[in-house]
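Participant: Dumping the structure here so I can ask a few things about it.
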Amino acid sequence: MSTVNKKILHKQLLLELESWNRCLDYMQSEIVMLKNRMVHILKDLTEKKMLALLEHYQNNFIEIDKSIVLFRHDIATQTMILRKNHETEMEILLEKMGRQKKLRKEIRMAENLFIKLSESFNRSFTDKLVS
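Just so we're aligned, residue 1 is where the sequence shown starts under our numbering, counting upward by one.
Next comes the structure, spelled out in structure tokens:
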């Protein structure tokens, strides 16, 4: 791989990490919004069976919060490694790419779980309140 291509790849890896941080920012913001909605639901709660459902979602939101903290740590570590060793041999660059690929897969899974949880939350309470 040419020096120019290595520089482009290196930059692309850093940009991808920045993109993931923005995605985590969005997820974190949405979790706050969903938790606030839970508070409003709790204030107006008349059915005790909905309390268990709220607790289920609260536990899931806590797990997502924990995952976001771990992802931010992993992203910060990967960013530091990339910035520290920007002039690297191909072998080291491939190792960095391997770490990034693993992180990419984990973040994609977390995004999908978050979307499903958010949709489920919205659907559950809409359905419960209408019926």
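Using N, Cα and C, we set each Cβ at its ideal position, and we do this for glycine too. Since this is a predicted model, take the numbers as computed values, not measurements.
Short of 6 angstroms in beta carbon distance, which residues of its chain neighbour Trp20, apart from the five on each side in sequence? Order them along the chain.
Facilitator: The answer, listed in chain order, is Ile75, Ile107.
Participant: Around the C-beta of Ile62, are 16 or more other C-beta atoms found within 10 angstroms, so that it is buried, or is it exposed?
Facilitator: Ile62 is exposed by the Cβ-count criterion.
Participant: Can you say whether Met109 is buried or exposed, counting buried as having 16 or more other CB atoms within 10 angstroms of its CB?
Facilitator: So Met109 ends up on the exposed side.
Participant: Where do the N-terminal and C-terminal ends of the alpha helix (DSSP H) with Lys49 fall, by residue?
Facilitator: That run of the alpha helix (DSSP H) goes 49 to 84.
Participant: Looking at the unbroken alpha helix (DSSP H) that takes in Thr3, where does it start and where does it end?
Facilitator: 3 to 43 is the span of the alpha helix (DSSP H), which, as asked, contains Thr3.
Participant: Counting pairs of beta carbons, one from the stretch 64 to 72 and one from the stretch 2 to 19, are three or more of them closer than 8 angstroms?
Facilitator: Flag = no, the stretch 64 to 72 and the stretch 2 to 19 do not touch.
Participant: Quick one, which of Lys96, Phe114, Lys43 has its alpha-carbon nearest Lys6's?
Facilitator: Here the closest residue by C-alpha is Lys96.
Participant: What is the rounded straight-line gap between the Cα of His56 and the Cα of Lys101?
Facilitator: Those two C-alpha atoms are separated by around 32 angstroms.
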